[in-house]
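Below: the structure, in structure tokens.
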Amino acid sequence: MRKKLIKNAICEVFFLLLGLIELAAIFFSNGWGHELKDLILAALGFFIALGYHINAQDIKKGHRDEFEDDERDRYVSNVADARVLKWLNNIVLIVAVIFALLYANFKVETFIVIVAMSIFYWNVSMILQIIFGIIEDRKN
1 MRKKLIKNAI CEVFFLLLGL IELAAIFFSN GWGHELKDLI LAALGFFIAL GYHINAQDIK
61 KGHRDEFEDD ERDRYVSNVA DARVLKWLNN IVLIVAVIFA LLYANFKVET FIVIVAMSIF
121 YWNVSMILQI IFGIIEDRKN
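With this note's numbering applied, the sequence shown covers 1 to 140.
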């Protein structure tokens, strides 16, 4: 419970600061082009911070803990997370191939940077997946 409260407090402070920074951007800007965007981002930051604050209050009262200990929910969440990770890895690899083909045709340096970053992300993701698989296997 303490970890959840700390996580909620950090997120609440982050989004509150985001809202304040966006409000400061509205007051200190000298152009009229971005005030609406900054106002929307400030409101969004404040609403998300309020949501984290309400969630922390519910955790303190004990309303959230009774639902989060269900083993089936954790299993479904783990299966869904694994599927999302597999799809993201496949999509990143497809993006790398597409931009490599675009670079081969148009010779734009931005395309090769996107290819390099995509392959780097894909490699790091695969390595972390293997490491966490070994850790979980050793745990059980």
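The beta-carbon is built from N, C-alpha and C at its ideal position, and this holds for glycine as well.
Can you tell me whether DSSP reads H53 as helix, strand or coil?
helix
Could you tell me how far apart the beta carbons of N90 and S125 are, in whole angstroms, since I believe they sit closer than 8 Å?
N90 to S125, Cβ: 11 Å. No contact.
Less than 7 Å between C-beta atoms, sequence neighbours within five positions excluded: which residues of the same chain meet that for L23?
A42
Considering only residues of the same chain and omitting the five flanking positions on each side of A25, which have a CB-CB separation below 6 Å?
D38
So, for I59: in the same chain, excluding its five sequence neighbours on each side, which residues have a beta-carbon less than 8 Å away from its beta-carbon?
M1, K4, L5, N8 and D65
Between the alpha carbons of T110 and L93, how many angstroms are there, rounded?
17 Å
Alpha carbon to alpha carbon, how far is A56 from I10? Give it in angstroms, no decimals.
11 Å
Please say whether L16 and A49 have beta carbons closer to each other than 8 Å?
yes
In the structure shown, what three-state DSSP assignment does S77 receive?
helix
With respect to the alpha helix (DSSP H) encompassing S118, which residues constitute its N-terminal and C-terminal limits?
E109 to K139
D38, DSSP secondary structure in three states:
helix
Closer than 8 Å to chain C by CB, L93
No chain C appears in this structure, which consists of one protein chain only.
Going by the beta-carbon positions, is the gap between A96 and S118 smaller than 8 Å?
In this structure, S118 lies closer than 8 Å to A96 by Cβ.
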